[in-house]
Each structure stands twice: as structure tokens, then as C-alpha cells.
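Chemist: The numbering of the sequence shown is the numbering used here, which starts it at 160 and goes up by one. First, the structure itself, so that you have it in front of you.
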Amino acid sequence: MKLDFPKDFIFGCGISAFQTEMGASKEAFFDGTDWYKWSTNPQIIKKGLVSGDDPAESDGFWDLYKEDVSNAKQLGQTAFRTSIEWGRIFPEDTSSIEANITYNKYGEPLDIRLTEDSYAQMKKKSNLKVIEHYKDIFSYIKINGMKVFLTIYHWPLPEWLHDPVRCHFDLNSTDKKGWLSPKTIVEFGKYSDFVGRVFSDYVDSWETINEPDVIATEGYLFGNESGFPPGISDIKTTFKVERALSFAHNIAYKNLKRNTGKEVGFAIAPAYYMPGDDQPMTMEVLQRVRYLHNEWILNAAVLGQFDDDLDGTPEYIETNFAGTDYIGVDYYQRHILKYDEKSNYLGLIKVKFEKCTDCSDFGWDIYPEGIVEVSKWIHKKYGKPIYIFENGIADAGDNKRERYTLEHLKSLSRGIIEEGIPIRGYFHWSLIDNFEWASGYKMRFGLYEVDYNTKERRKRKSAELYEKICKGLEL
Ligand code: BGC
160 MKLDFPKDFI FGCGISAFQT EMGASKEAFF DGTDWYKWST NPQIIKKGLV SGDDPAESDG
220 FWDLYKEDVS NAKQLGQTAF RTSIEWGRIF PEDTSSIEAN ITYNKYGEPL DIRLTEDSYA
280 QMKKKSNLKV IEHYKDIFSY IKINGMKVFL TIYHWPLPEW LHDPVRCHFD LNSTDKKGWL
340 SPKTIVEFGK YSDFVGRVFS DYVDSWETIN EPDVIATEGY LFGNESGFPP GISDIKTTFK
400 VERALSFAHN IAYKNLKRNT GKEVGFAIAP AYYMPGDDQP MTMEVLQRVR YLHNEWILNA
460 AVLGQFDDDL DGTPEYIETN FAGTDYIGVD YYQRHILKYD EKSNYLGLIK VKFEKCTDCS
520 DFGWDIYPEG IVEVSKWIHK KYGKPIYIFE NGIADAGDNK RERYTLEHLK SLSRGIIEEG
580 IPIRGYFHWS LIDNFEWASG YKMRFGLYEV DYNTKERRKR KSAELYEKIC KGLEL
């Protein structure tokens, strides 16, 4: 058996900076982010919000990138998705540097550009050694024949913008409020203009923000359980953050497009929601859940439609949004749900979720057809091409990863060939085991297993299957 994909279909893997960089040398250590402070804070660990694992003991990609890039090449990948750490590039506050900003009628920024003079000042404030090191990594990916897919923001904020511990205990005790502060959007605008200029020659495809939906919901809606900073649970705040991230995406989109002329987009992490019975009320609550978790953010970031009271109709439409060239889909799981009179999900919806039957180590429900269902819906509604930027499984024993990968790629092949969904590429998450945010090192997503003591990489059996798929070989 062979899987059928278009000739120019891209196969890759994904990693992110914070999850992989530290661990092999002193130079790689960097504690100037909100995620670092959060993950290592004794009070946050004591509350059980995070694992207590130290992100500084991770894979050591900063030093060992040649080995990982070579492994990716050996798998037959044609692209490599990674990210850069904002705080490493700008360890100090950049807010004193002026930029040209245009605002909408609510005082929200629509366009943020550096002048030549402010660009020069930004350069002075930046860590040039770090920039050179990132260039070395990108060059190495390119000389190994792979495209560079770069995310400029995969979750950690510089600590000078966000104090998640203070925000957690008392939001009003600090000015460093992360995405709840307009300052963060302005600084992100400048950062995006800057990195677009310095890395323009090295990057083939740009991603502004990885999963604004997850940043907002895990940090501000399910904050008490998820362990994501700042660990808040408030629905209004959640959608305020989604609104801020939509503006941030659009500003970064404009800068990266202007500076590089390459494709620019962002990714969300939609689950596939499936009815657990055929009651009309179940369909109704399903639409509502899907709207809040998958659709609200796309309406906002792609169409500029803001439904602040969450009633399904936008109160404000931002016509000066640029949108996106593609939509990244990070698909992991299905949720089966039913109408339930006694439930009160998010204080809004009478819905109950069923437990998974075929589960990952994380307890996420495995459902390969979902990858096509969500992509189909997203393409139909927003008319943009799609990349599967993440798909993979927490499976420490490597017992389910082969089947998971094969079945998802079979579905994807069918969706592309038979249904004509314009999906341009698939990036497995992840190339290597890595620091899995609040869960630390226990959850293992890698095609390569990593021994965190020796930093040794060991190819898992599932990687051999992925290699055959990437190379178009008989399975
Ligand atoms: C994130 C990754 C994470 C993966 C598995 C995605 O939402 O982008 O950073 O490791 O999920 O939890």
C-alpha cells in the first residue's frame, strides 16, 4: 500500500523554541520569559498547576540542532517548522523606542511600523549573538534541502511584558499583564517588523502566532486546571485576549508580508466536535461549543468580526484587517458531547462531554477522520488553503503512534484527493520529545525519544513508518 499525495505536498515535523532549546550548554539557558518564571515558581508548583519539571533541562536543541535537522532530513522531510524566542532576541524592554502606529476608533492598533531610525534602535537593543545563532540554524535547515517554516510567537512572552505569577494571584498588582495590556500588542508589532527584516532571507513561510485560541482558553478560561499562565478562569477575559491576539496577528501579518513578500498565516487547534446522540438539542449545544472554541477566533482574526457578547453576531467589524494567506490546523482530538439538562459548561451551555475510548497518554480521544472534517469546514467557511501544522500523540511507549499517524494521513490523503480540500502540507508533532508545558517531560510526542540525562536521541519505530510516508514508499 502507498498513500497518495499531490506531487508538491510538504512533509515535515514541528518543534518550538521554548520546548526544546535549553539543556545542553550554559549559553542556551534563558530564564527571561513568563513561561520560565511560571514553570519554576515554587508557589505555582505547590498549587499543582505545573509539573515542577525544569524547562532548562530540555532537549538542548540550541546546541544539538545539527543532529535534529539531519534526522529530519533522513526522514525525508521537505520542511522544518520551528519558532524563535522573542525574549531571547529582546531580553530588555523595547517600549521606549517609538514606532508609527495607526489606530481604529476604539484606540486599538491596526498597523505598527518601525522607521529606519527606530529599526536601528531596536537592533541596538537586540541580542545579536542570538540572531546569528538562529540564522545558523535556519541556514543548516536550508542546506539540508528543507524549507524553513517559522513561527515568531509560540507562547512565551518576554518577562518584561508579563508577570504571570503576580497576574495569577492579583491581576491588579502588576503592570505586566501580558495580552491583557495594550503595550504587548504594540511591542509585538515592533518585534514582528524587526524579525521580518532580519530573517527575511532565511524563512520560506511565516506563522505569526501559534494557536491564539489555546493561549486564551488555557490561560484565561481553564486556567485553574490547565496550568497555563496566568492560570485565570474568566470567560470575558478569555475573549478579550482572543481579541488582542487577533489584532496582534493582523499587525504582524502586515509587517511580515511587507518585509518579506512570503506567505504569512497563523494556526489554531480545533478539536472535532461530534454529537453523542441525534437529539436536536444536542446539535444545538454542539454548534454553540464549536462556535466558542473553533469559530470565534477565526471570525475575529481572519474576517475582523468581533462578537464580544458571544451571542453569535459580531458587534464590531474591523474592515482594515489583512486576514491571512493560509490557516494552520493543529489537530489532535475529538470530543463527543450531548445535551445535558444538569450541566452548565462555562456557565453557559447545558452540555456534557464523554470520556475518550481510544485515548492518548494525555487522555485525548483518537479520531483520524476529524482531521478532514475540521479542515473541510475551515476551508469552506474561510476559503483559505490549509497546512496541518501539528498532529501527533502523547504516547511514551510508542504503542499507538504508528497507527495514529497512518490513519490520520490516510484520511488526509482521501480528503485531498477525493474531496479536493487544498491542504498543502503535514507537519508531525513532534520530531523529538520535549518540554510539554504544564505537564513537563512525562508526555512524549517525539518520533525520536530523548534521554534527558544524556540528550541522546533514539529513533522510535513510528519514525520508520513516517519516513516511508515522507519518501512515498510502499508501506
Ligand atoms: C502546541 C504544542 C504542544 C502540543 C501538544 C499544541 O497545542 O502548539 O506546543 O506541545 O499542542 O500538547
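Just so it is clear, CB atoms sit at the ideal spot from N, CA and C, and this is done for glycine as well.
Mark L634 as exposed unless 16 or more other C-beta atoms lie within 10 angstroms of its C-beta, in which case mark it buried.
Modeler: Exposed is the call here.
Chemist: Give me the DSSP bridge partner(s) of C172.
Modeler: Per DSSP, F239, H587.
Chemist: In this structure, does DSSP put D363 in helix, strand or coil?
Modeler: Coil, per DSSP.
Chemist: Compute the minimum distance between the beta carbon of N453 and the heavy atoms of ligand 1, and state whether it is under 7 angstroms.
Modeler: N453 Cβ: outside cutoff for every heavy atom of ligand 1.
Chemist: Quick check on DSSP: helix, strand or coil for H538?
Modeler: In the structure shown, H538 sits in a helix (DSSP, three-state: H, G or I).
Chemist: Please name the residue or residues paired with F425 in a DSSP beta bridge.
Modeler: Bridge partners of F425: I486.
Chemist: Helix, strand or coil for E608, going by three-state DSSP, please let me know.
Modeler: In the structure shown, E608 sits in a strand (DSSP, three-state: E or B).
Chemist: Any chance the CB of E401 is under 7 angstroms from a heavy atom of ligand 1?
Modeler: Because no heavy atom of ligand 1 lies under 7 angstroms away, the Cβ of E401 does not count as near it: no.
Chemist: Could you give the DSSP three-state label for N479: helix, strand or coil?
Modeler: DSSP places N479 in coil when its eight states are reduced to three.
Chemist: DSSP state of I410, grouped into three classes?
Modeler: It is helical.
Chemist: Going by alpha carbons, who is nearest to D470 out of P389, K282, A258, F398?
Modeler: The option with the nearest alpha carbon to D470 is F398.
Chemist: Name the residue from K395, W319, Q178, T274 whose alpha carbon lies nearest to the alpha carbon of K336.
Modeler: The candidate whose alpha carbon is nearest that of K336 is W319.
Chemist: Under three-state DSSP, which class holds I109?
Modeler: One cannot answer for residue 109 here, as it falls past the ends of the chain, which runs 160 to 634.
Chemist: For A176 versus D222, is the C-beta spacing smaller than 8 angstroms?
Modeler: Taking 8 angstroms as the Cβ cut-off, A176 and D222 do not qualify as a contacting pair.
Chemist: Tell me the start and end of each unbroken beta strand (DSSP E) in the region 492-526 that is at least 3 residues and wholly inside, in chain order.
Modeler: DSSP runs (the beta strand (DSSP E)) wholly in the region 492-526: 493-498, 510-512.
Chemist: Just how far apart, CA to CA, sit S385 and E595?
Modeler: Straight-line Cα distance between these residues: approximately 12 angstroms.
Chemist: I'd like to confirm something about V373: is its beta-carbon nearer than 7 angstroms to some heavy atom of ligand 1, or not?
Modeler: It does: the Cβ of V373 is within 7 angstroms (strictly closer) of some heavy atom of ligand 1.
Chemist: Tell me whether Q178 counts as near ligand 1, meaning its Cβ is closer than 7 angstroms to at least one heavy atom of that ligand.
Modeler: Correct: Q178 has its Cβ closer than 7 angstroms to ligand 1.
Chemist: Indicate whether K514 and D499 have their beta-carbon atoms separated by less than 8 angstroms.
Modeler: No, the pair does not count as a contact, with Cβ atoms beyond the cut-off.
Chemist: Can you tell me whether E291 sits near ligand 1, meaning its C-beta is under 7 angstroms from at least one heavy atom of the ligand?
Modeler: The answer is no for E291.
Chemist: Between the region 252-261 and the region 180-195, can you find at least three pairs of beta-carbon atoms closer than 8 angstroms?
Modeler: Touching, no, given that fewer than three Cβ pairs across the two stretches are closer than 8 angstroms.
Chemist: Bridge partners for Q464 per DSSP, in chain order?
Modeler: Answer by DSSP bridge pairing, in chain order: I476.
Chemist: What are the boundary residues of the alpha helix (DSSP H) that includes D193?
Modeler: Residues 193-199.
Chemist: From which residue to which residue does the beta strand (DSSP E) around K306 run?
Modeler: Taken as a continuous stretch (DSSP letters only), the beta strand (DSSP E) holding K306 covers 306-310.
Chemist: Looking at ligand 1, does it come within less than 7 angstroms of D554, judged from the CB to the closest heavy atom?
Modeler: No, the beta carbon of D554 sits no closer than 7 angstroms to any heavy atom of ligand 1.
Chemist: With N383 as the anchor, note down where its alpha helix (DSSP H) starts and where it stops.
Modeler: That run of the alpha helix (DSSP H) goes 382-385.
Chemist: Using the rule of at least 16 other Cβ atoms within 10 Å of the residue's Cβ for burial, across every protein chain shown, is N331 buried or exposed?
Modeler: So N331 ends up on the exposed side.
Chemist: Classify H313 as helix, strand or coil using the three-state DSSP reduction.
Modeler: It is coil, neither helix nor strand.
Chemist: Using the Cα positions of I456 and S405, report the straight-line distance between them to the nearest angstrom.
Modeler: Looking at the two C-alpha atoms, the distance is approximately 7 angstroms.
Chemist: Would you say the beta carbon of S175 is closer than 7 angstroms to some non-hydrogen atom of ligand 1?
Modeler: For ligand 1, at least one heavy atom lies less than 7 angstroms from the Cβ of S175.
Chemist: Reducing DSSP to helix, strand and coil, say where D270 ends up.
Modeler: D270 falls in the strand class under three-state DSSP.
Chemist: Under a three-way DSSP split, which group does R616 fall into?
Modeler: Reduced to three states, the DSSP call for R616 is strand.
Chemist: Check the C-beta distance from P389 over to W194 and give it rounded, since I have them as a contact under 8 angstroms.
Modeler: Incorrect: roughly 11 angstroms between the Cβ atoms, too far for contact.
Chemist: Let me confirm a value: D524 is counted as buried when at least 16 other C-beta atoms fall within 10 Å, else exposed. Which label applies?
Modeler: Buried, since its Cβ has 16 or more Cβ neighbours within 10 Å.
Chemist: Quick check on DSSP: helix, strand or coil for K336?
Modeler: DSSP places K336 in strand when its eight states are reduced to three.
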